[in-house]
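Worksheet: the structure to be examined is printed underneath.
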Amino acid sequence: MFHLYMDCDLLIHSAAQLVTCASPSSKRGAAMREVGALANAAIAVSDGQIVALGPSDDIRAVCHAKHSIDASGKTVLPGFIDPHTHLVYAGDRVAEWEMKLRGVPYLDILAAGGGIVSTMRATRAAGVAGLVAQAKPRLDTMFRNGVTTCEIKTGYGLSLAAELAMLQASEQLAQTHPCDILLTLLAAHTTPPEFKSDPGGYVDLVVERIIPQAALWFEHEAKSNHAGPLACDVFCENHAFDVAQSQRILRAGKTHGMTPKIHVDQFTSLGGVKMALELGAVSCDHLEVTTPEDRARLAQSNTVAVVLPAVTFHLGSQQFANACAMIDDGCALALSTDLNPGSAPCLSPSLVMAIACRYQKLSPAEALNACTINAAHALGIGHRVGSLEIGKQADILIVAAPDYRHLAYQFGNNLVERVIKNGREY
Ligand code: NIG
Ligand code: FE
C-alpha cells in the first residue's frame, strides 16, 4: 500500500523504460533473460536510497520531490558494477601492442622488457601521487560510462613497498571519488625480475610478508572498507603461479580475512577452478578454456563466473569464454572490462556487452544482468547494489535511448547521459 503522500529527494519520471535487474540472489539460467522492464515508469530516491518505483503516474501521484528529472524517451537502469579491473597502473603498452599487431611473438616482447613487468617498472617509478594522477582520469571516464562501483587490483608493484603503494593509491581514489571502490591484493600477478631465479622465494614473500602487511594496512588505514572486504587474487597460469602456489596464496589471504578470487583458465586449464571453489572463492575470472567438468562445478557453487570478452577482442584471439554454456549449465555469469594496459585497455561496460552479444552470443538481457546484479554478486555486495529495488543504494543511470538493448546494439559511443550515485546527480 502506498502512503497517501511521501517526500523524497529525487524523482525520475516518465522513463520510456525502467529496467530493474531485480533478483533476491545472483541470476542463473532463464532468470538471466529477464531484466524486469517497466514502460513509462518512475523511481524515487531519499537519503541515497531507492524508496519507490513503478508506473510513472502512480509514483508521481504519491511522491513530492525536491528535485525531478523528466526521463521521457530514455531508459533508466542500475549503475554498472565492474568486478575486475587493474585501473591503477602507470604508463601504457601502446608500443608493445603495435609490435603484437605486426606479429612479434609474445616471448620476444617479454625479452624486450614488455608485458606485466614493463608496467611494473613504470608503476614502481610513479609513486602514490603519480599513480593517483594517472588513474583518476580513467576512473572519471569509467564513471561517465556508467560504472558506479568498481574493483581495483594491485599487481604491478610486485614488492612489499610497491604493492602497498598501489593499495594506497586505490584508497585515495576511493576517498575522493564518487565511484565505490573495492580493493584486491594481486601481489601474485607474476614473478618480479629480482626473483627470476627463485620464483618460490617470491611466493614466500607474498605469503609471509605482503599478505600480512596488506591485511594490517587495510585494518588500520583503509577508511573505505565499508564498500567491502579486501580480496586476495592470484594469476593461476603457466609461467605465472601453479595450482599449489595459488592455493597457498589464497589460503594465506583467507587466514588474514581476505576474500579469495582467481585469474584462472585464461590460456591453460590447470585445475585452478576446483581449487578455488574448494576455498569458497567469491568469483573465478577469465575462464576462456574452462572444461565442461569445471563449468559444472562452477554451476553447483555460489561462486560467480566472471568473463572478460574485451581481453579476447584486444588480443585478436577467437578464444572467448563459453558464456552461453555457462548460463545453460546454471552458472551465475558476470561480465567485466578487466581494464588493464596489456590485455584490455577498455573503460566501457557497454562495449563489453556489445562484444559479448556478438561473439559469445549472449542476449542483451543476459549481458545487462551480467554487468549489474551478477557483477555485484561477484564482489559479494549484491544485497546493496546491482539492481533497482526499494531499499537498495540509489545508483542509477539515465541512458539516451528508449530501450536498454541499445546499450549493446550501438557501440563506440557512450549512451549514458546522467549518473546518479547514492542519490546524487553527476
Ligand atoms: O587480467 N591475466 C593476467 N593479468 C591481466 C593482464 C595484465 C597485463 O598484461 O598487464 C589480465 O588479463
Ligand atoms: Fe585481470
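Taken in order, the sequence shown gives residues 2 to 427; the numbers are from my numbering.
No residue lacks a Cβ here, since even glycine has one placed at the ideal position from N, Cα and C.
For A402 versus S351, is the C-beta spacing smaller than 8 Å? For the purposes of this step, residue 402 is taken as residue 401 along the sequence shown, with counting starting at 1. For the purposes of this step, residue 351 is taken as residue 350 along the sequence shown, with counting starting at 1. Going by C-beta atoms, A402 is not nearer than 8 Å to S351.
**Request:** Let me know the secondary structure DSSP gives N341 once reduced to three states.
**Result:** By 1-based counting over the sequence shown, the position of residue 341 is 340. Looking at N341 - three-state DSSP - the assignment turns out to be strand.
Can you tell me whether S318 is helix, strand or coil according to DSSP?
The sequence position of residue 318 within the sequence shown is 317, counting from 1. S318 falls in the coil class under three-state DSSP.
Requested in this report: Taking only the alpha-carbon atoms, compute the straight-line gap between M2 and L280 and give it to the nearest angstrom.
Outcome: Along the sequence shown, one-based indexing puts residue 2 at 1. Along the sequence shown, one-based indexing puts residue 280 at 279. Per-residue confidence for M2 stands at a pLDDT of 48, beneath the threshold of 50, marking its modelled position as unreliable; the derived number appears in the next sentence. One C-alpha to the other measures close to 44 Å.
- DSSP three-state assignment for G55, whether helix, strand or coil: Position 54 of the sequence shown holds residue 55. Three-state DSSP puts G55 in a strand.
_Among the candidates A277, A355 and A215, whose CA atom is the shortest distance from the CA of T414?_
Taking the sequence shown and counting its residues from 1, the one referred to as residue 414 is at position 413. In the sequence under discussion, the amino acid at residue 414 is Asn, which differs from the Thr named in the question. Residue A355 is the option with its Cα nearest to N414.
Taking 8 Å as the cut-off, decide whether the C-beta atoms of A216 and G273 are in contact. Taking the first residue of the sequence shown as 1, we reach residue 216 at position 215. Taking the first residue of the sequence shown as 1, we reach residue 273 at position 272. For A216 and G273, no; Cβs fall outside 8 Å.
Can you name the residues that DSSP bridges to C151? Counting from one through the sequence shown, the residue named residue 151 turns up at place 150. Answer by DSSP bridge pairing, in chain order: D83 and I182.
Q.
Can you tell me whether M276 is helix, strand or coil according to DSSP?
A. Along the sequence shown, read from residue 1 onward, the residue named residue 276 stands at position 275. In this structure, M276 counts as helix in the three-state DSSP scheme.
Margin query: Please tell me whether, using a cut-off of 7 Å, the distance from the CB of F321 to the nearest non-hydrogen atom of ligand 1 is below it.
Written below: Against the sequence shown, residue 321 aligns to sequence position 320. No, since every heavy atom of ligand 1 falls outside the 7 Å radius drawn around the Cβ of F321.
Worksheet entry | Simplified DSSP assignment, three categories, for Q301 | As a first step, residue 301 must be located in the sequence shown, where it is residue number 300. Q301 falls in the helix class under three-state DSSP.
Own chain, CB closer than 8 Å to G128, minus 5 neighbours either side, in chain order: Stepping through the sequence shown from its first residue, residue 128 is reached at position 127. Excluding sequence neighbours, G128 sits near A166.
Q | Classification of V115 by the beta-carbon crowding that lies within 10 angstroms, buried from 16 upward | A | Taking the sequence shown and counting its residues from 1, one reaches residue 115 at position 114. Sequence check: residue 115 is Gly here, not Val. Flag for G115 reads buried.
Only counting the same chain, and skipping five residues up and downstream in sequence, which positions put a Cβ closer than 6 Å to that of R469?
Here the chain covers residues 2 to 427 and nothing more, so residue 469 does not appear.
DSSP has T76 in a bridge; who is on the other side? Indexing the sequence shown from 1 puts residue 76 at position 75. The partner list for T76 (beta bridge, DSSP) reads Q18 and V400.
Could I get the ranges of all uninterrupted beta strand (DSSP E) runs contained in the segment 205-251, with 3 residues as the minimum, in chain order?
232-237
*Span separating the alpha-carbon of G387 from that of L39*: Walking along the sequence shown from the start, residue 387 turns up at place 386. Walking along the sequence shown from the start, residue 39 turns up at place 38. If you take the alpha carbons of G387 and L39, they lie about 17 Å apart.
Requested in this report: Would you mind stating whether V290 and F268 have Cβ atoms separated by less than 8 Å?
Outcome: Along the sequence shown, one-based indexing puts residue 290 at 289. Along the sequence shown, one-based indexing puts residue 268 at 267. Against a cut-off of 8 Å, the Cβ pair of F268 and V290 comes out as a contact.
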